[in-house]
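Numbering (the UniProt record's numbering), first residue to last: 1 to 251.
The block underneath contains the structure these notes are about, expressed in structure tokens.
Right, here's the structure in full:
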């Protein structure tokens, strides 16, 4: 078997199974583990897979600037936002992470809602500026331009003085075993702090985010209370999240 054929087969198996273990893969393809490790290194280098210790996971979606992401899967994000909006209650302190799906949620909060929204996302704060009954607290810090969120020590220290009833978390990658992950290390500190100060944590994730991993781990997947995702995802894909005790809501 040619190397190119073997690597295509590896990619097909990864898409089918959601993860690969190098030792098992060498047995399946009847080649040495050294050959498999070399294949995985090469495939990771060109962005075909995400290589991890002992195997491989699907590559997370490519990083796209915030402005461009606003035009992707708009109807899907709106459905997820509508589902997530049903989780808010009057009198809550609501923590809202950045992201184009959380922005849709901010735009759909009921006009009758009386609550306090704390966010590190300038677009979310602007979207809520005209809300008649929601108090908005914008957390300061260094602006991460790709995601339009404030990060850094100032943001983390401010969050340390807050207790939130619910956190709506933007998701870059989510894997039931690897956890919540992002491509930029500074984002991990803020997201991790958001999770730690919140009674409930809601992940808003389109289907392309599930079963993938990125470079820097935020927290284990069982940190989530709810996973709000698309309605057409199979039970097989969602089963590991249910087994972790996460309530999965599909929209």
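C-beta: ideal position from N, C-alpha, C; glycine also.
Nothing here was measured: the structure is a model prediction, and the numbers come from that model.
Asked: Reduced DSSP secondary structure (H/G/I, E/B, other) of residue 192; Found: helix
Asked: Three-state secondary structure assigned by DSSP to residue 158; Found: helix
Asked: Nearest residue (CA-CA) to residue 29, options 193, 161, 13 and 202; Found: 13
Asked: Other residues of its chain near residue 79: CB distance less than 7 Å, five sequence neighbours each side excluded; Found: 251
Asked: Paired residues, beta bridge with residue 203 - DSSP; Found: 169 and 227
Asked: Close-in-space but distant-in-sequence residues of the same chain around residue 55 (CB under 7 Å, 5 per side omitted); Found: 19, 20, 21 and 22
Asked: Where the beta strand (DSSP E) through residue 92 begins and ends; Found: Residue 92 -> no beta strand (DSSP E), and no H or E assigned at all.
Asked: The region 206-218 / the region 42-49 touching (three or more Cβ pairs under 8 Å); Found: no
Asked: Inter-stretch contact (C-beta, 8 Å, three-pair minimum) for the region 139-156 and the region 211-226; Found: no
Asked: First and last residue of the uninterrupted alpha helix (DSSP H) at residue 241; Found: 235-243
Asked: Supposed close pair residue 106, residue 128 - CB separation, criterion 8 Å; Found: 5 Å
Asked: Touch test, the region 184-199 against the region 228-237, Cβ-Cβ under 8 Å, three pairs minimum; Found: no
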